[in-house]
Every structure is written in C-alpha cells, then in structure tokens.
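So the sequence lines, in the order shown, correspond to chains F and S.
The working numbering applies: residue 1 is where the first sequence begins, and numbers increase by one.
The working numbering applies: residue 281 is where the second sequence begins, and numbers increase by one.
Worksheet: one structure, shown below.
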Amino acid sequence: MTDSEAGKEKAVRLFNDFQDISFSQIGMILLGTWLAIYCIRRAAPFLAERGPSQFRLFLLGAVPITRLLLLTTAILWVIPIIFNITFQNFLVFAGAAGVAIGFAFKDYVSSLVAGVVAIVERPYRPGDWVEVDGDFGEVMSVGMRAIRIRTAADDVITVPHQKLWSENISNSNDGSTTLRCIANFYVAPDHDAAALRWALRDVALTSAYLCYSKPVLVMLAEVPWGTHYQLKAYPFDMRDQFSFISDLTIRGKQVIHDLGATEVAAPVAVPPAVSAMHAD
Amino acid sequence: MPAEDALRGWFARGLRLVTRQEYKPTIADDALRQATNSTLDDVVAPPACGPLLRELDNTFTQPHPAALPNNRLRLVVLPPGDQTNIVEVWASRNGHQIVPPPDRRTILQRQPEIDLNSREDQILVVSDLDRWFLRHHHGLELIRRLLSAIDRCERQCLIACSSWAWAFLRKAIDADATLPVGVTFKAFDGQRLQTWFSDLAKQDDAHPIEFKLAKSGKTVLTTKDEQVSRDYFDRLAAHSLGIPWVAWRIWRQSLRVRNEHDANHTEMKTLWLEEFEPLKLPLHHRPAALLLLQALLIHGSLTLDQLQLVLPMEGECHLISVLIRGGFVVRDGDQLRCSPVAYPAIRGDLASAGFPLDEL
Chain F
1 MTDSEAGKEK
11 AVRLFNDFQD
21 ISFSQIGMIL
31 LGTWLAIYCI
41 RRAAPFLAER
51 GPSQFRLFLL
61 GAVPITRLLL
71 LTTAILWVIP
81 IIFNITFQNF
91 LVFAGAAGVA
101 IGFAFKDYVS
111 SLVAGVVAIV
121 ERPYRPGDWV
131 EVDGDFGEVM
141 SVGMRAIRIR
151 TAADDVITVP
161 HQKLWSENIS
171 NSNDGSTTLR
181 CIANFYVAPD
191 HDAAALRWAL
201 RDVALTSAYL
211 CYSKPVLVML
221 AEVPWGTHYQ
231 LKAYPFDMRD
241 QFSFISDLTI
251 RGKQVIHDLG
261 ATEVAAPVAV
271 PPAVSAMHAD
Chain S
281 MPAEDALRGW
291 FARGLRLVTR
301 QEYKPTIADD
311 ALRQATNSTL
321 DDVVAPPACG
331 PLLRELDNTF
341 TQPHPAALPN
351 NRLRLVVLPP
361 GDQTNIVEVW
371 ASRNGHQIVP
381 PPDRRTILQR
391 QPEIDLNSRE
401 DQILVVSDLD
411 RWFLRHHHGL
421 ELIRRLLSAI
431 DRCERQCLIA
441 CSSWAWAFLR
451 KAIDADATLP
461 VGVTFKAFDG
471 QRLQTWFSDL
481 AKQDDAHPIE
491 FKLAKSGKTV
501 LTTKDEQVSR
511 DYFDRLAAHS
521 LGIPWVAWRI
531 WRQSLRVRNE
541 HDANHTEMKT
551 LWLEEFEPLK
561 LPLHHRPAAL
571 LLLQALLIHG
581 SLTLDQLQLV
591 LPMEGECHLI
601 SVLIRGGFVV
611 RDGDQLRCSP
621 VAYPAIRGDL
631 ASAGFPLDEL
C-alpha cells in the first residue's frame, strides 16, 4: 500500500463509514432534543406564573439545568454515530478545535463555558434580581451564551455569561422568594428622632406587603443636609418590591408630617445655560 | 380530599366527553329550590358553633389552681368567620366580665387609659381582640396599651383572637411576649360533623328526615337509626378545613327541597344536597382582591372607609362589588367581612400567592 492510500484510509476512519451513519437517527435525536427544550422553556415559566408562588423559582431554575442535560445527552448520543472514537481521532479533533476556538470563537466559547459554570455555581438563576454593570433587573432566562434581564423600566438587557469572569454580580435574593427593600427619607435635623424611628417601624409592620418571617429595621445617620432614615423590610413576594417601597414611602411621608418633622432635599446645581436664561 | 374531588370531577367529565354519556342526576336541578330559612332553622338550627360552647365550658370553667401566675392569662385562637362571637356568648352565660371593644372609628384618635383592675373576682374576658386595632401605623397604639394593661392587672384574663389577627399581632407588636401560647378547638372531622348535624336534624320531631345527594340519590344522613356512609362528611370536613361554622354554612347552603308536592310523599321528609363547588377568584383582579381579602381576615370585618385606610391603594376598594357578587365577601350593614363559605377558597388562594398565613 502506498503512503497516500494509507493516509486516505486513516482519514476515512476518523468518521464512520458513510453508509453506516444513520442520518434519520441523528435527525430524530436533534429534533427530539429541540422539541423537549422548546416545551420546557414554554411550560416551566407558564406553570411558574400560574402555580403556587412557593414553586415559582424552582420551576424557573429548572429550565437551564434541564436544557444542559438534554444537550449533553444529545451530543454524547450523536458523536459515536458520526465519529470513529479512538484516541488518535480524539487528538486530531482536539487540535483542530483548539485552533478554531483560539482564533475565531474565543469569546463565544468563553461565554459557553461561563454558562456551564454559572449553572453549577449559581451566581444567578431565573427569577433572581441581579445587578450587572449597573443594570438591575429580574433574570428572565439563562441561555447558553447569555442571560436576559428585565429591568424596572421594562427594558430587556442581554448580558453574556463572560461577565462572570471579570465583573461583580450582585444578587438581591439569591434564590429566595423575597429581597430586602429600602425606603429612604431625609428629614430636617430638628425633630424627635426616637419617635420618628419607632413610627417608621410601625409603617413597615402595617404594610399589606410585609413578609412576617423577616426583620424590619430602621437605620438613621446624619448627612450634611439633615438626617437620613433607611427603612429596611422584606415583601412576601419580591415581584411586589416596587409597590412595597411606594407604600412605605407614601405612609412614611405621612408619618413624618404627622410628627411635625420636615423633609428636606439636597440642593441641586443649576446648569449654566438655564441660569443665564433666568438672569435675563 | 379537595384535590381528590377535583381529580374525580375532571375524570368524570373526561369520561362523559369520550363516551358521550349524558349527565343524568337522580333529580334534575330545576325540580329543586333553595330550602327556606324556616326549614333550615328546623333542621340545621343556629348557632353555628353549639358543640364548641361545651368545649369552652370543659376547658375554662374548671377551677384554676391557686397561685399559679402563669395560668392567669389564657389565650384562645379561633379560626376566622365566627359571626356568633362564641367566646362572648360563653362569657355571658357564665357571668364573666366582658371588656367591650371600642368603636373602630375612634381607634386612630387618642384613647383614654385602660383600667382593668376592679374589685370583682370574675374572669375578665376580651372576646374580640381583632377589634382593638387597625393595620395602620396609628392603629396599633390602643392595642399596645391594652396588652400592657392586661400584663399589669392581677385578674384572671381570657383573651380571644382570630388566627389571622393573631399572626399579624405577633409580628406587629410581639403580642406573644405578653400573652401565652394559645389554645384552639380540635378540628371537626367527618364523624363529628355527622353527629352534630344528625343531632340538629333530630330537633325537628315532626317527621323523620333523610338527606340525599341530588346527583346520585345516595343517603348521607338520616334521623332514623340507620348506618350511612360517612364519605360526604369526610369530604365536607376536609373542604371546610375542620372549621365548624364553615361546614355548618356550607351544609345549610347546599340544602334543597322539591319544587312541587311529591305525589309519592311518605312520612319521611327528604332534603336534597347540591355538591359544594369551590369558588374561584377572578384572575383579572386577583392580586388586588387578595390584598383586600387578607385585610378583611385580619380585622374580622371593616367598613369601606376603614378598608381604604388599611389597603395600600384606595382604588382597590372598587373590587368590593365584584367580590360580593362572587360570594367571597358579605355585607352586614356597613360592615364587610369574608364569607365563611368562601374561606377555604380564599385561604387556598392566599397560600398559593405566597401571602403570610395564620397557623391554624
């Protein structure tokens, strides 16, 4: 046998014989995997929103894990059908893949790997409220390459998993059904701080959104323009966090007024163009 | 049991759909009408809590051991929906001193000092702790002073509170630091319900009575000494969460009589029972409706003005009409309260939505 004939035989043995590759089986596996992932991505959020709230985060969190398991199973099932699995063939494939990844798909693969790490380490899950790069919102989905966050302004932001390597990711609830909410008040210094602190605590304790199993705290500190109060409490459902903060703020302002205290605001610098107009 | 009933109902409907069987109840719906109040009072006489008065007697009428300070205060925690005010009825019968709750309209104003120490040796009874506060930052002062006065006074005190109000007060004012661990009634199971309703039906001595299911014709209760299956009462007990006044109202609401005089009338009087269907909150307004219902459960009953004070947004009060029409809320004069019949559905929806619950 000549050298070229030996080489050809080697190349053919990287793949299984063409007539032995069952394309219908590969098609069925891929179609079934896609269908299963599609159904879970639709069904889990649907059930999460309509079922008991105690299971909501569990159902949402199951989607990326199930997708990873299904894809892994599909890949491990398809590879032996196409490739002739030997150690030499593995080295050939790994070398080619390394070159391709190194030059063309570095960032994409980095995000994919970070996505797998994120599923294991769980810095965020579907349903969590996270802050990444200054954007705070609810994690709607955890994809293969990126997560999608819906902010309070109803913007949808796509954040690649790659951020995990270099950025801090702040998770407000970390899988819990509640998170801490803070209502801020700024009051002129001349007031009864003890009475106001007690009254603000009652404001939180009488909120319809309050979670009974979490603490209520009122902290205060002096700032240059007055006394800064922070009313910290937890709603029983974190989806109500903005309504909760609004409720605390409205009733907190009422309490401040009832106690004869005065709210203050920090002075704001006027831009030069506007001040020139007013000077005329 | 409610889950089992739901599955059974879906299976039956599915089977009828597949086999195209027509639904044929033993007696048609249009042949029946709601029983009159007179009939109901004969066979299911009020109050809705008769057996519980005996339990209160057995528990609290025994002489207390002398000089045991930790028995001075007793707390009774009741499921919501007690419109009879059973503890007040018991206290009146036994001649105890009842501390009346203030007019709720005055709770947000300055209240005079509460003096509980008098020369009398009776047990002091606060029969309705729910009515001493409003879930409002100015609505807790009075109840704090009341508990402080109870803590300082030297008399035997019995305090009654609904379970939802108790759960709120434990959080809001640390009420469990002043009051002891509460006692409550044992839940009514199927056996107990069957015995109770049988005793109520026997009070009508004119005719023996039998109660049959309208759908299947099966006898569930009879005043004759016959053994009947307890399945219906087991389901009723599960559906009513073991609360006697809820079961009593569902039982009364389910009773029907024939529209026309029965030509084959015998000496036996027959009353027919419609199956109890769980109520469903309208999905459209569900979050706001649940906030409103929770407020009513915590306070027992509220006027519309008081409801606006305790809810986050005034606009939610427009749902009152929707909830009254749906059977979730009843209006009693100017007072609004959760319907006892709807309580199992309300509690289920609150639990499903993650609301803080009572512990009963």
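Yeah, the Cβ is synthetic: ideal placement off N, Cα and C, and Gly gets one too.
With a 10 Å radius around its C-beta and 16 neighbouring C-beta atoms as the bar for buried, classify residue i as buried or exposed.
i: residue 238 of chain F; result: buried
i: residue 490 of chain S; result: buried
i: residue 105 of chain F; result: exposed
i: residue 252 of chain F; result: buried
i: residue 543 of chain S; result: The predicted model places residue 543 of chain S with a pLDDT of 45, which falls under 50 and marks its position as unreliable; any figure quoted below should be read in that light. Residue 543 of chain S should be labelled exposed.
i: residue 572 of chain S; result: buried
i: residue 443 of chain S; result: buried
i: residue 373 of chain S; result: exposed
i: residue 564 of chain S; result: exposed
i: residue 257 of chain F; result: exposed
i: residue 468 of chain S; result: buried
Counting only C-beta atoms, is residue i closer than 9 Å to chain S at any point?
i: residue 207 of chain F; result: yes
i: residue 183 of chain F; result: no
i: residue 236 of chain F; result: yes
i: residue 177 of chain F; result: yes
i: residue 94 of chain F; result: no
i: residue 197 of chain F; result: no
i: residue 203 of chain F; result: yes
i: residue 243 of chain F; result: yes
At the 9 Å Cβ level, is residue i part of the contact set with chain F, yes or no?
i: residue 636 of chain S; result: yes
i: residue 591 of chain S; result: yes
i: residue 632 of chain S; result: yes
i: residue 571 of chain S; result: yes
i: residue 447 of chain S; result: yes
i: residue 419 of chain S; result: yes
When the Cα atoms are used, what is the spatial distance from residue i to residue j?
i: residue 658 of chain S; j: residue 46 of chain F; result: The question about residue 658 of chain S has no answer here: the residues shown for chain S are numbered 281 through 640.
i: residue 245 of chain F; j: residue 127 of chain F; result: 19 Å
i: residue 612 of chain S; j: residue 586 of chain S; result: 15 Å
i: residue 402 of chain S; j: residue 471 of chain S; result: 36 Å
i: residue 41 of chain F; j: residue 440 of chain S; result: 50 Å
i: residue 559 of chain S; j: residue 359 of chain S; result: 19 Å
i: residue 331 of chain S; j: residue 448 of chain S; result: 28 Å
i: residue 53 of chain F; j: residue 629 of chain S; result: 10 Å
i: residue 79 of chain F; j: residue 24 of chain F; result: 14 Å
i: residue 570 of chain S; j: residue 249 of chain F; result: 22 Å
i: residue 19 of chain F; j: residue 82 of chain F; result: 11 Å
i: residue 347 of chain S; j: residue 584 of chain S; result: Low local confidence applies: a pLDDT of 38 at residue 347 of chain S is under 50, so the model's placement there is unreliable, with the coordinate-based value given in what follows. Rounded to the nearest angstrom, the two C-alpha atoms are 46 Å apart.
i: residue 413 of chain S; j: residue 182 of chain F; result: 26 Å
i: residue 206 of chain F; j: residue 232 of chain F; result: 14 Å
i: residue 55 of chain F; j: residue 113 of chain F; result: 28 Å
i: residue 619 of chain S; j: residue 357 of chain S; result: 19 Å
i: residue 592 of chain S; j: residue 107 of chain F; result: 48 Å
i: residue 187 of chain F; j: residue 329 of chain S; result: 53 Å
i: residue 384 of chain S; j: residue 353 of chain S; result: 25 Å
i: residue 86 of chain F; j: residue 160 of chain F; result: 35 Å
i: residue 498 of chain S; j: residue 370 of chain S; result: 38 Å
i: residue 254 of chain F; j: residue 185 of chain F; result: 11 Å
i: residue 15 of chain F; j: residue 88 of chain F; result: 12 Å
i: residue 348 of chain F; j: residue 537 of chain S; result: Here chain F covers residues 1 to 280 and nothing more, so residue 348 of chain F does not appear.
i: residue 365 of chain S; j: residue 407 of chain S; result: 7 Å
Segment contact flag, the region 152-167 of chain F with the region 182-194 of chain F, C-beta cutoff 8 Å, min 3 pairs = no
Which residues, in chain order, does the region 451-469 of chain S contribute to contact with chain F at a C-beta distance below 7 Å?
-> 451, 452
Given 8 Å, three or more beta-carbon pairs between the region 518-528 of chain S and the region 491-503 of chain S = no
Pull out every residue of the region 207-223 of chain F whose Cβ sits closer than 8 Å to any Cβ of chain S, in chain order.
-> 207, 208, 209, 210, 211, 212, 213
Name, going along the chain, the residues of the region 574-586 of chain S whose beta-carbon falls closer than 9 Å to a beta-carbon of chain F.
-> 574, 575
Check distances from the C-beta atoms of the region 40-53 of chain F to those of chain S and list, in chain order, the residues that come in under 8 Å.
-> 51, 52, 53
Is the region 211-224 of chain F touching the region 138-152 of chain F in the sense that three or more CB pairs, one from each, lie closer than 8 Å?
-> no
Interface residues of the region 414-438 of chain S facing chain F [CB-CB below 8 Å] = 415, 416, 417, 418, 419, 420
Any contact of the region 30-44 of chain F with the region 60-67 of chain F, i.e. 3+ C-beta pairs under 8 Å?
-> yes
Under 7 Å (Cβ pairs) to chain S, residues found in the region 245-263 of chain F | 247, 251, 255
Report yes or no: do three or more beta-carbon pairs, one from the region 14-30 of chain F and one from the region 598-607 of chain S, lie closer than 8 Å?
-> no
Below 8 Å, can you find three or more Cβ-Cβ pairs linking the region 68-79 of chain F to the region 161-180 of chain F?
-> no
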